[in-house]
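In the numbering used here, the protein residues as written are 106 to 182. No residue lacks a Cβ here, since even glycine has one placed at the ideal position from N, Cα and C.
In structure tokens, the structure reads:
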């Protein structure tokens, strides 16, 4: 099996493990919960998110604008 396929399988396996620890977080012991340890202190970002659908539209629009601007600046000949 090529090395790229092995790395891809490892990546998918780790992503699946992280997803399972988030979905089943209430059934796991506290020290097995990976999500809170990886997030760290995110109070500022959580304060910006109210759960309103307009928030998602705004963040997607700003993210796409920033990505497009960066691509234009970096890929310009």
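- Item | Which of helix, strand or coil DSSP assigns to residue 129 | coil
- Message: Can you tell me where the alpha helix (DSSP H) holding residue 107 begins and where it ends?
- Response: Run containing residue 107: none; DSSP gives neither H nor E here.
- Message: Could you tell me the alpha carbon to alpha carbon distance between residue 188 and residue 117, rounded to whole angstroms?
- Response: Limits of the chain in this structure are 106 at one end and 182 at the other, which puts residue 188 out of reach.
- Query: Once you ignore the five residues that flank residue 165 on each side, which residues in its own chain have a CB closer than 7 Å to its CB?
  - Reply: Cβ within range, chain order: n/a, list empty.
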